[in-house]
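Residue numbers (my numbering), protein chains in the order written: chain W, 1 to 601; chain H, 602 to 1202.
Every residue gets a Cβ at the ideal spot worked out from N, C-alpha and C, and that includes glycine.
Just below is one structure, and these are the notes that go with it.
Following this line, the structure appears as structure tokens:
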């Protein structure tokens, strides 16, 4: 392509709408334009990048035997009502755009396709002989994000690859799940990305196990904890670890101590001259289930630890059935107004004991439908610990489970793992931290959707049982921007060669020099004929402008017929390293073929 | 691909939802499944067909220098308000799905992209040096059709290629328009379709000239008129022709004749023993413009001719400015209730004279805001004609323009051309008729959108003037089904080789015969290695079932290692002709390569 004929408009200034480097650079280099909040037009250069990523994804997916299809973006509400997600997606979270047609029927714009694909499976799969089956698609998805931001990172309209597999049993699912793990790793590797597969929370999609594929970048919205040996990596939302050992308690006998003005762990430890590891802190939450039922939850964990909100939410969701519900609608710390509804007096939130129920709550039992205690693993083995007393300005010291306070049945892991914690698989290793951009997520769904929609098959024994499912998402447009976020410098983008919009650019420094023009045209033709996608900068601009634009665009290799043309040589420069070599004209094609082969393995 | 691993579910019975052959066959052969009214899942086989069409479209578009991009499906209402189409598209016609986001902002789901692309051009194009520019995309589009039907023919969600070109002047637009005509012709030819490019009405898109590309098929929704020599072809909505000559009038003197019970042309001509070509019939319409203004329109045309509603609507739209408006909201024949609002007595609709205004309307002028007379060309030269008298059961005979009735200024062409009419370019040829499916439509838009959105550029003289635009649509999913509608038999689909999901299928008649299995596996591998996309029917089914499925799927070439395997031969059958040859095993690949080369040129 000749730049003189291409839609190329580069900007010198960073656009006001952009916050992170990749977003700024993609706008400045003319790869995209914003049409509405979180909605972008992908201009020709970006479209080439997206097509290259799509091709790699397709090759790796097809190699596993998955079959590509295309499912509708308009989805009838009925299917989402069958799965029980319509209200959650369109109202509670409001993440799905909802609309109605001229007949007044409700439709949603697909943010994901479990419902549609399960309805197809219900219609088409009858027998174990049709299993396993894996269908995937690459498609524009929609999410009505609360805060669309960072360009393609969190848009309201974006391109996803999503795949869904159907199995006769868990073993077959696990096999496909492992194949997808390999396929995703290949995709990210081939796209030239530094990434990590991490254990992940399954969120609203549901199911038993899931892993995220994180592209490592400082601007990533996710925190990853990992060990150096590569044996463990997890999203901080999901991560587990061995907490630091607790110090032995200095308090050998039980006592109720006045501790005035110590409503934080920090103040308390300073006052008592003790370690936070010797303290049991007790945190009160108010949970509202989808049935409307309110439950008070008291979480006890070690003073030096923090609650992981996602883990807590998952624990509470698992308990939802006990309250006749499915999901948690809200999880909050009850403020004075909320407390007034069921507490006889304002609760001393900084001084709660692990047994709140016995004092404040039981005094007004008819107002509080349920009360629940959860104890984090970190406090189970503590002895002679410090904890609240349910009286302002007083703490218990030297307390013990089963003596001053009872130990509830539910011992759980709701603590947040931290960098520096020891790893479970090898306590000699400490967890390290990195930031990542979630670009892929693979799930073992199990029978959640097949049961809800009645998608069954007949097994070899003639029994009709629900299909076992997996699902596998990959953000194609997000991947493109992640590559930029991971690879740029002060001059612009540095595309990995495999997904660069063009591999090479031939720049004519001086349009008045017929020798330069002749050499450039000849190279442009020869390179394209050799299958090397090449741009020709034939614009009537100063050389400086052309070089700046080539750097900003991030084209991996630049060929300049300049001063050394008299010696039959041209400059071949590498964008990533800024290394420039003089290469004889007749060796340029071969040199580039070698450079590209090395860069894409 | 092995059929044992593919999602293949064929149906013996025609699905109740399908009316036309292509729709039935695509459902029966498992190419797609209905998810909602006018919304289909494209299953793996259909997706391969669509990808092949997309590849051909892409190659032909790229060859013209057009650049591929991807524009958003979510479009902000503001852009459509700027062009003046928001109300028409979301309310009057209601063809665009409208929704609002969590901030309450209005969005539309793109049925077309003139607004978005013009906004991008406004942002990015500054100078004549950037012109001409042509951007295109392939994308799912949405239309909230009143009657979704015929599967992919008239769906609510469908795949389109749409392209938009920007120019400095009309001459440049015309050049690109011609290039697109060639590119579209290449696309349809390469896809193996029998098609015709016809002159077309520009409809709601607007602009000066447009052509449709029609795939010829009996089930087509459009009627085409054309001449045998290929010099003329038009959609009947747009077609022009020379009407049959009028017979000389038998009435030589003017007279007001009693003609009781002759409120149709047929009854009148029978009563008066004259030809319909000697009659001027006068038809009354009530037009409501977008300003709310009502206009009565009296159309006079020859008794043997009919009004073409699209031509009439276009004439009235052209006159809209005179009434301060932009578009026609409705065009109806006024019934008794409507008449009561402005007529002093019920109008004698079968007996109207060409000068209704002088009698009925002027009696109550304050109630009728405007009255308009249009005269079709067919009546201008009539002499001594028969026409209505504005009195029930009376007609004028031997009337003449300028004598008994005045000739209005506006002489127009609003008649419907018919098969058998003579062609303008060569009156020795008669127009013939065919039915077609509109699969492509190319438009010369001019400055309609660039003026509305203020998309200008600076020309070589330094003047800032509006961009001149063209737009070019092609229905990718509709093309796929059109190919089936044009090519099937009682056994199933007959895909054109270029867009068949697979080119060949190797069928193993008997899975218990190891020789058959070995030969089939060997051929399957060899064919795929030679780049011939081949299926292997390795299912444990009876041979009859396999042959039936292969015919239903419409795979062009079938290879069967059967009885002649002992002589080292296999059967190679052609789906289209049912011709079967015995070919030595080692010549199968070469034979198929030749057959495919011939079939795809």
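- Task: Please check the pair residue 635 of chain H and residue 620 of chain H, which I expect to be a contact at CB under 8 Å, by giving their CB distance rounded to whole angstroms.
- Result: That belief does not hold up - the Cβ atoms of residue 635 of chain H and residue 620 of chain H are roughly 13 Å apart, past 8 Å.
- Which residues does DSSP pair with residue 739 of chain H in a beta bridge? H/762
- Message: Whole angstroms are fine: how far does the CA of residue 602 of chain H sit from the CA of residue 1120 of chain H?
- Response: 16 Å
- Message: Could you compute how far the alpha carbon of residue 550 of chain W sits from the alpha carbon of residue 32 of chain W?
- Response: 17 Å
- Integer-rounded CB distance, given that residue 733 of chain H should sit under 8 Å from residue 768 of chain H: 5 Å
- For the 8 Å Cβ check, are there 3 or more pairs between the stretch 476-495 of chain W and the stretch 208-223 of chain W? yes
- Task: Please work out which residues of its chain come closer than 8 Å, Cβ to Cβ, to residue 924 of chain H, disregarding the five sequence neighbours upstream and downstream, and give them in chain order.
- Result: 890, 892, 894, 896 and 971
- Item | Whole beta strand (DSSP E) elements within the stretch 619-652 of chain H, 3-residue minimum | 633-637 and 640-643
- Message: On the CB-based measure, 16 or more other CB atoms within 10 Å of its CB, does residue 598 of chain W come out buried or exposed?
- Response: exposed
- Query: To which residues of the same chain is residue 904 of chain H closer than 6 Å at the C-beta, ignoring the five residues directly before and after it?
  - Reply: Same-chain partners within the cutoff: 866, 877, 880 and 882.
- Taking only beta-carbon atoms, is residue 4 of chain W less than 9 Å away from chain H? yes
- Say whether chain H places a C-beta atom closer than 9 Å to the C-beta of residue 68 of chain W. yes
- Closer than 8 Å at the beta carbon, the chain W residues around residue 642 of chain H: Residues of chain W whose Cβ lies closer than 8 Å to the Cβ of residue 642 of chain H are, in chain order, 69, 70, 71, 72, 116 and 120.
- Any Cβ of chain W within less than 9 Å of the Cβ of residue 1123 of chain H? no
- Can the beta-carbon of residue 1054 of chain H be found less than 9 Å from the beta-carbon of residue 699 of chain H? no
- Message: Please classify residue 846 of chain H as buried or exposed, where buried requires at least 16 neighbouring CB atoms within 10 angstroms.
- Response: exposed
- Grouping DSSP H, G and I as helix and E and B as strand, with all else coil, what is residue 127 of chain W? Here DSSP, grouped into helix, strand and coil, assigns residue 127 of chain W to strand.
- Query: So is residue 395 of chain W buried or exposed if we call it buried at 16+ other beta carbons inside 10 Å?
  - Reply: buried
- Item | Nearest-angstrom Cβ-Cβ length linking residue 7 of chain W and residue 736 of chain H, presumed shorter than 8 Å | 7 Å
- Might you give, ordered along the chain, the residues of its own chain that have their beta carbon closer than 8 Å to the beta carbon of residue 314 of chain W, omitting 5 neighbours on each side? 201
- Please name the residue, chosen from W/538, W/501, W/586 and W/544, that lies closest to residue 51 of chain W on a Cα-to-Cα basis. W/501
- Query: Hey, out of H/1197, H/885, H/1066 and H/977, whose CA is closest to residue 935 of chain H's CA?
  - Reply: H/885
- Between the stretch 564-571 of chain W and the stretch 491-505 of chain W, do at least 3 Cβ pairs fall closer than 8 Å? no
- Item | Local Cβ density within 10 Å of residue 129 of chain W, reported as buried at 16 or more and exposed below that | exposed
- Given that a residue counts as buried once 16 or more other Cβ atoms are within 10 Å of its Cβ, and exposed if not, what is residue 450 of chain W? buried
- Query: Which residues of chain H have a Cβ atom closer than 9 Å to the Cβ of residue 9 of chain W, listed in chain order?
  - Reply: 724, 725, 726, 727 and 731
- Using a Cβ-Cβ cut-off of 7 Å (strictly less than) and excluding sequence neighbours within five positions of residue 951 of chain H, which residues of its own chain qualify? 864 and 865
- Query: Beta carbon of residue 908 of chain H, beta carbon of residue 900 of chain H: below 9 Å?
  - Reply: Going by C-beta atoms, residue 908 of chain H is nearer than 9 Å to residue 900 of chain H.
- Message: Could you pull the DSSP bridge partners for residue 592 of chain W from this structure?
- Response: DSSP, once it has assigned bridges, lists no residue as partnering residue 592 of chain W.
- Message: So, with DSSP's three-state summary, where would you put residue 275 of chain W?
- Response: coil
- Can you list, in chain order, the residues of its chain whose CB lies under 6 Å from that of residue 1234 of chain H, leaving out five sequence neighbours each side? For residue 1234 of chain H there is no data in the structure shown, the boundaries of chain H being 602 and 1202.
- Identify, in the order they occur along the chain, each residue of the same chain with its Cβ nearer than 6 Å to the Cβ of residue 114 of chain W, setting aside the five sequence neighbours on each side. 449
- Is residue 146 of chain W buried or exposed, if buried means 16 or more other CB atoms sit within 10 Å of its CB? Exposed: under 16 other Cβ atoms inside 10 Å.
- Mind checking residue 856 of chain H: buried by the 16 CB within 10 Å criterion, or exposed? Result: exposed.
- Message: Closer than 9 Å between beta carbons: that is the criterion. Which residues of the stretch 740-757 of chain H meet it against chain W?
- Response: Those residues of the stretch 740-757 of chain H that come within reach of chain W (Cβ to Cβ, closer than 9 Å) are 740, 741, 743, 745, 746, 747 and 757.
- Query: Applying the criterion that 16 or more other CB atoms from any shown protein chain within 10 Å of the CB defines a buried residue, is residue 110 of chain W buried or exposed?
  - Reply: buried
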